[in-house]
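Shown next, in structure tokens, is the structure this report addresses.
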Amino acid sequence: IDIIIGAEYIEKYLLNQKITVEDIVLRDSQFGWMATGFVCPGGDKQNSILSHVALHSHAIFSIEDQLRMFWELEEVDVPNIVTREQEECHRHFEDTYQRNENGQFVVRLPLKGCPSSLADNRLAALRSLTKIELSLPEIQTEYHKFIQEYKDLKHLEAVELGNANIGIPYFLPQLLVLRPDKTTTKLRVVFHASSKNRSGKSLNDILKIGPVLQPDLFDIVLRFRQHRIAFCADVEKMYRQVLVHPEDRELQKIYWRRDPAGPLMVCHLNTVTYGTTPASFLATKCLAKLADEAEGKYPGAAKAIRRDFYMDDLVTGADTVKEATSLLKTIHEILSTANFPLRKYMSNSKLLLDSVDEQLIGNADDRKFYNENVSILGVLWKPEKDHLSISLKLKEISPYLTKRIMLAEIARTFHNFGVLSPVTIRAKILLQELWREKVDWDSKVPEALSNKFLKYHQDLFRLKDFFIDRYYFKSATNITTIQLIGFCDASDKAYCAAVYLRATDVHSSIYTSFVCAKTRVAPLKSLTIPRLELQAALLLSKLITKVRNILSLPIQNLFAFTDSTIVLSWLGKTPGTWTAYVANRVSKIQESLPSCWHYVCTKENPADLATRGISSKNFVEQKLWIYGPQFLMLDFESVIKAKSSLNNDVRAMAEAKKTKISKHTVSERLDTLFIDKYSSYTRLISVIGYIRRFIANCRKSECRSKCTNTILLAEEHKQSLFCIIRIVQLSHYSNEILCLQKNQPLSKTSALKSLDPFIDEKNILRVGGRLRKASLSSGKKHPILLPARTNFTRIFVRHVHEKYFHATRTFITGFISAQYWITNGFVNLVKQITRSCITCIRFRGEVKQQIMGQLPAFRVTESEAFSHCGVDFAGPFTCKCVGHRTTSNFKVYIALFICLACRAVHIEVVSSLTTEAFLDALKRFISRRGLPKVILTDNGRNFVGAKNYLNLNSDKLMQYASSEGIHWSFIPPRAPNHGGLWEAAIKSAKYHMIRVTKGRVLSFEEYQTLFTQIEGIMNSRPLCYRKAGDQSIVPITPAHLAVGRAILTNLDHGVERHTGISRFYFLREQIVRSFWQAWKGDYLSSLQTRNKWTRENQNLSIGDIVLLKEDNQPPSIWPLGIILHVYPDQEGRVRVADVKTSEGVYRRTIARLVLLNANEP
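Taken in order, the sequence shown gives residues 1 to 1161; the numbers are from full-length UniProt numbering.
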């Protein structure tokens, strides 16, 4: 079974073509031909149904190869690169080939791997033979006929499997190729040398690939048209005429038997096998060796063997029947010496065919011309009329078009010398549009493109009757001059180059003929029309040079025409005149075709037809493309001279190379904008220093006096600083400087009036002041004036701060004041610089703060004790073992639960910090205090685990709890200030414990007793006070709110002992209510004030750069991060943020973040 297709999908893949043969219906599909109907080997027609799909992999996947070939045909100068492996393969042939007694070549297979690595594919070989035996009887007959011919010609040696020495267990599977159009071999067997399995390699994997020795199809077809008398032939069974050395035949084994019931035979193939990678090289190399041997005696025949063979097809000719006859016989004799028999001769000359044995003439009947087309190298040749036409393998296609179908149909239009370019360029343009749409291979093509292609495809049927003369100069005699003429043109869609031959005979008659053409679609990247015209000119220069080298004609002159005056202007000057794009192409064109470019108008330019595309009808009717413009039939050289004035187009100057002229103005009065560009004091000084040095060197005439040091000298640094100071002062104190230069008093509003400034000998403004008689240095008595609000002053202060190891404000102020007097905000500037220094910010470690927030509702709302509680761990505390043999100590911890409303505490002693230990403590807490509604904790691992555990097992753990369960909430990581209530309780518990134990080690029971007593003490601390009935002041403690009375005293609250239960409960509730009333009145009032964090600060925002404060680490290694997300509270104040660092994303409270003022200038 090749493939299984569901019945609901089959109609989707069926095509229109259908053939009925008796009870079998053949339907064409997208997968290949499908056969359905009845098969009745035993006569039971009702019980036997055939449904078979003939899948041909080449029908699907060869589209890529056809498309590649379709584009490569348009290439002009495809380089023939010989790889190292190909060179080795060539040397291997030279070293190992032999000629036997019959003259046949005996070659060795060029191995690059060990034969022992070949796969054991005997099963695949048997399967391929079984498939052939299950094929149609006609195919089986042709197959056995083919193998029998192999045996009769001794190209195969067959031995029964039982008597055969298998050796290497590698066999070649067999594939059948049907060729109904062939006159001799209708069926060919291809031996699948690429067959392998997972266990090893194929034969082709261990064989080297040889180089390509024969010319391209393009070259051979062009030369074929230059002969007045042409003939063709092919070598009969060319591959099988080359013997493989007996030692290598072990690698070429197949299975065969005469019928399915007969014995299985092992057959060794004795000749070069079609399907192996070096087969074509070995065969064509044998031809090349024959040409080398015949070079001295028969140079013409040797040249034809080298240049006019394409695989086993010979396509050549001569100018006269005599020369052609002599060439034919010579080639035939040379090839016969190596047992390469030529057959199927065909010619346009009856006289030539009369000299050939009748049995060697292809398709001849009583030596009459074969009046049908003969396929030669992709074109059809009708020898009788000596015409060439194009092999158009067209068929009706379904309106449902896919990209795959379109490409396959376009690749069918094979014309290797471009004669149909004006028509087929339409297909190339459609291909480009299809690529722009980015359509999948098997998706339906957009309707607009589909309609265009269907119209194009239907139009191609008109070309079936199109032909062109094979011989370039069919009716010419005694030719005296031959000229090669090319035309090029471009549009916004495509560009083209076409080449023609022009001949003149002794009677001054002129003959023209189309030679070849190449086309390109315009690139997807938009280019101007002149640039596309230049691309067309480059294509023509390559094509006309290639044609001149291919043809063996005496060409006297070359002419190239374009209808672009801009391109002619570009070609008329040296490449260096133009921009890089134009210059590179002009250089290549001038190198191959110098001084032969001329103008042609668009109407007379045949290349224009292939840049836009025309219909098949117009193509067949016009003559411009086949014969060239009409002026070629005249004295066109006079036409060229008349149009030579069109070679200078002013529009060409748009691509002229721009000449850059640099103008430098030297002045001391530089703009402060130049200074404001720099953020580094040392770099600014260096730049000014090098500029001043350059100016000084330019003014010196002698080279010896010029400074050439790479490093600035100390004096140059000093002068650069003075230069910058003069520029800054002139920019900010221009009025004062002008007054001083004119010896006029300063304005009353001048900020410098009190300083009595003056200009020193270096034109620097300094403070005059009142210290002229002081015994100080000149710089201290008369400091330099600088404005505070300039970029230079800012970077200078920052330079001093960083140079002296991030000095303090006091040092910076004192150091700078000794030499400079900075006006208008010097202290604030220093403060700003030091506060914005990233290094100083890091080491100060000032974290963000925000005003103390509002208390949550559960802190200020009356509720049952421990319904809202916080939990924290403390410890460890050293505990001794009692009652055990071991005397080693261990650690214990306390889990402290605190009511968030009344601040009552509950302390449990636990043995570890594990989640299990905490869950046990939580169970004990719930059993004694009741089920809490909300639990707040920090992000300790034991708490996180407990939360997850509760979420999964709350039904089992608290089966007596309400259906609400426990709402567990976490404070932000590493934010103890968010849990200040339980942090303070932990501190108090430790306070009592340390003072009681005094360093002693207690047992576990003693710790339980101690912390239970501490719990009672902490629950007896007064929260507030209220007046009793006797005017005494009674403290209200957490115990009053939690249990309704004091737990460490016997205070009587007025409840009689003999009161009934109901009355006792009622009075008890009244007392507890009075406690809560006091809590509301007095305790809550004490929470009004903010003892710290009283100022509201600016919120962090997304994108701020921060440092993450880490405990026990120096600030220099605190990680740097960026704010990704902020979490404002109900009042809009940000207290928690997500920070991204190099290690990941973390959530932190702002108390752990140090803001870096990255936006600070």
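By construction, the Cβ of each residue, glycine as well, lies at the ideal position given by its N, Cα and C atoms.
With DSSP as the reference, identify every bridge partner of residue 346, one or two as the case may be. Checking the DSSP bridge columns, you'll see residue 346 partnered with 232.
Below 8 Å on the Cβ atoms is my guess for residue 1137 versus residue 1122; work out the distance and round it to an integer in Å. Wrong, their Cβ atoms sit about 10 Å apart, outside the cutoff.
Please state the DSSP three-state secondary structure of residue 880. Residue 880 carries a strand assignment under DSSP once its states are collapsed to helix, strand and coil.
Bridge partners - residue 253, DSSP secondary structure assignment: Partner residues in the beta bridge of residue 253, as assigned by DSSP, are 268.
By the DSSP assignment, the beta strand (DSSP E) with residue 559 in it spans what residues? Here the beta strand (DSSP E) through residue 559 covers 555-562.
Taking just the CA atoms, how far does residue 310 sit from residue 231? Approximately 14 Å between the Cα atoms of the pair.
According to DSSP, what are the bridge partners of residue 938? In DSSP, residue 938 forms no bridge with anything.
Whole-Å CB distance - residue 1009 paired with residue 1020, under 8 Å assumed: Contact flag wrong, Cβ pair sits at about 17 Å.
Here's a check: name, in chain order, each residue in its chain whose Cβ is nearer than 6 Å to the Cβ of residue 633, leaving out the five neighbours to either side. Closer than 6 Å at the Cβ level, and outside the excluded window around residue 633, lie 510.
Where does the unbroken beta strand (DSSP E) through residue 1125 begin, and where does it stop? Taken as a continuous stretch (DSSP letters only), the beta strand (DSSP E) holding residue 1125 covers 1120-1128.
I'd like to know whether the C-beta atoms of residue 107 and residue 245 end up nearer to each other than 8 Å. Result yes, Cβ atoms of residue 107 and residue 245 sit closer than 8 Å.
Does DSSP put residue 1036 in a helix, a strand or coil? Residue 1036 sits in a strand when the DSSP states are folded into three classes.
Is DSSP giving residue 982 helix, strand or coil here? Reduced to three states, the DSSP call for residue 982 is helix.
On the CB-based measure, 16 or more other CB atoms within 10 Å of its CB, does residue 557 come out buried or exposed? For residue 557, the number of other beta carbons within 10 angstroms of its own is below 16, and it is reported as exposed.
Taking 8 Å as the cut-off, does the segment 429-447 touch the segment 595-610 (at least 3 CB pairs, one atom from each stretch)? Segments in contact, no.
Quick check on the DSSP output: what are the complete beta strand (DSSP E) runs of length 3 or more inside the segment 481-569, in order along the chain? Complete beta strand (DSSP E) runs here, min 3: 494-505, 510-521 and 555-562.
Which value, in whole angstroms, describes the spacing of the CA atoms of residue 349 and residue 141? C-alpha separation (whole angstroms): 38 Å.
With the cut-off set at 8 Å, would you say residue 966 and residue 932 are in Cβ contact? Yes; because the gap between Cβ atoms is below 8 Å, this pair is in contact.
What did DSSP end up calling residue 630 once you bin it into helix, strand or coil? Of the three classes helix, strand and coil, the one that applies to residue 630 here is helix, per DSSP.
Spell out a yes or no on whether the segment 463-483 and the segment 512-528 are touching, meaning 3 or more CB-CB pairs, one atom from each, closer than 8 Å. Using a Cβ-Cβ distance cut-off of 8 Å, the segment 463-483 and the segment 512-528 are in contact, since at least three pairs of beta carbons, one from each stretch, lie closer than that value.
Starting from residue 1146, trace the beta strand (DSSP E) both ways and give me its first and last residue. Where residue 1146 is concerned, the enclosing beta strand (DSSP E) stretches over 1145-1149.
With respect to the alpha helix (DSSP H) encompassing residue 152, which residues constitute its N-terminal and C-terminal limits? Note, residue 152: alpha helix (DSSP H), 137-152.
Assigned secondary structure, residue 750 (DSSP; H/G/I helix, E/B strand, else coil): The three-state secondary structure of residue 750, taken from DSSP, is coil.
Closest by C-alpha distance to residue 791, when choosing among 83, 229 and 681: Checked all of 83, 229 and 681; the closest Cα to residue 791 is 681.
Is the beta carbon of residue 692 closer than 8 Å to that of residue 716? In contact: residue 716 and residue 692 (Cβ atoms closer than 8 Å).
Excluding five sequence neighbours on each side, which residues of the same chain lie with their C-beta closer than 7 Å to the C-beta of residue 492? Excluding residues within five positions, the ones whose Cβ falls inside 7 Å are 522 and 529.
How about residue 292: is its Cβ closer than 7 Å to a heavy atom in the ligand PLP? What this structure holds is no ligand at all, so the ligand PLP is not there to describe.
Thinking just about the alpha-carbon of each residue, which of 171, 188, 173 and 172 is nearest to the one in residue 179? The residue with the shortest Cα to Cα distance from residue 179 is 188.
Leaving out five residues on either side along the sequence, give the residues of the same chain with a beta carbon under 6 Å from the beta carbon of residue 129. So the qualifying residues of the chain are 255.
What are the start and end residues of the beta strand (DSSP E) that includes residue 899? Secondary structure note for residue 899: its beta strand (DSSP E) is the uninterrupted segment 890-899.
Give me the Cα-Cα distance between residue 44 and residue 134, rounded to the nearest whole angstrom. With a pLDDT of 42 at residue 44, under the threshold of 50, the modelled position of that residue is not reliable, and no figure is offered here.
Where does residue 53 land, buried or exposed, given buried means 16+ other C-beta within 10 angstroms? Annotation note: pLDDT 41 at residue 53 (below 50); position unreliable, no value reported.
Between the segment 320-338 and the segment 285-299, are three or more C-beta pairs nearer than 8 Å? By the criterion of at least three beta-carbon pairs nearer than 8 Å, the segment 320-338 is in contact with the segment 285-299.
Cβ neighbours of residue 589 in the same chain (closer than 7 Å, five flanking residues each side left out): Within the same chain, residue 589 has close Cβ partners 537, 538, 541 and 571.
Where does the unbroken beta strand (DSSP E) through residue 820 begin, and where does it stop? Counting along the chain, the beta strand (DSSP E) containing residue 820 begins and ends at 820-823.
Segment contact, 8 Å Cβ cut-off, at least three pairs: the segment 610-628 with the segment 572-589: Cβ pair count under 8 Å is below three, so no.
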